[in-house]
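If you use our numbering, the sequence shown corresponds to residues 3 to 272, in order.
The C-beta atom is built at its ideal place from N, Cα and C for all residues, glycine as well.
Notes follow the structure.
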Amino acid sequence: MPQVRTVLCDLDGVIWLAHQPIPGSVEAVRALQAAGIEVLFVTNNSTSPPSAVEEVLASIGVAADGAVIGSAEAAASLLVSGERVLVCGERGICEAVDRVGAERLDVDAPAARYESLIEACDTVVVGLDRQFSYQTLDRVSAAIRRGARFIATNDDATYPTPYGVVPGAGSLLAAVIAASGVQPILAGKPHQPMADLVLRRTGSTPAQVLMVGDRLSTDGLFARTLGCRFAWVRSGVAGDIEDTTAVSISLSMDNLAEVATALIDGSGVF
Ligand SMILES: [Mg+2]
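Right under this line is the structure:
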């Protein structure tokens, strides 16, 4: 196998837990970067724009300028300039839609504008919206039933916090699917749009890439979609019972620090 030139790091459960660094992860990223290995951070979090995530990474000592790729960017990569978009989501999705030059419609427009809003909509983008309401559900599902394209950032039903799991984008998505009767195009890990976006960002070929993640069902399957190797770490979701049969694991380690050591000391060939 060729040497690893690019490491794709999941964030939650690999770099940090709720922004609290996992022991050794900051040093591991620095060691990889010092060894000339490109490190990109690939997350299904769509609520914060990459610049905000990069600031948090900088605050714990990780240099990540331009290196964060989120599911909102993967969703926005499917849009074209001028497309009229209804968003069910937060700042991260809104900014990603704006950056590609799509026209964002006001999902909270007055009731009198309801019909014109639904008629104007070309595409609906659904992600995590912690202010999710019946009104939003009604409007985006009406637009989809009328024929708007239906894109979702990711379908993770939950995500972990220090206080236990909380509903993720996939839980809200389930409501939109039920109300519209339509299945979405999925953008984030482990789906193809995110893989395409990552490969456009890095100069490496899939054979030179290693994905590091704690979830087989997202990170492991994402490595398969991308056609790269996968390092499974146990520093995140614990005791998750997941089907491993579809995932090929190249490295199985306790944490990112062990992965970095294996890559650097072992010349990255395994
Ligand atoms: Mg994770």
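- By the C-beta density criterion, T207 is exposed, having fewer than 16 other C-beta atoms within 10 angstroms.
- Spanning the alpha carbons of V87 and A225 requires a straight line of approximately 30 Å.
- Relative to ligand 1, G205 has its C-beta separated by 7 Å or more from all heavy atoms.
- In this structure, the alpha-carbon of I146 lies about 44 Å from that of V261.
- Rounded to whole angstroms, the separation of the alpha carbons of W18 and L59 is 9 Å.
- With distances taken between CA atoms, L258 lies nearest to L212 out of L212, L223 and D140.
- The C-alpha of T49 is placed about 5 Å away from the C-alpha of E92.
- Counting C-beta pairs closer than 8 Å gives three or more between the segment 120 to 135 and the segment 160 to 178, which meets the contact rule.
- Between A159 and I120, the C-beta spacing is not below 8 Å.
- The continuous beta strand (DSSP E) containing G72 extends over residues V70 to G72.
- Judged by DSSP secondary structure, R203 falls within the alpha helix (DSSP H) whose first and last residues are Q194 to R203.
- CA-to-CA, the gap between E97 and P51 works out to about 7 Å.
- A Cβ-Cβ contact shorter than 8 Å links V239 with G15.
- In this structure, the straight-line span from the alpha carbon of F134 to that of P164 is close to 22 Å.
- Judged by the Cβ position, D110 fails to qualify as a neighbour of ligand 1 at the 7 Å threshold, every heavy atom of the ligand being at least this far.
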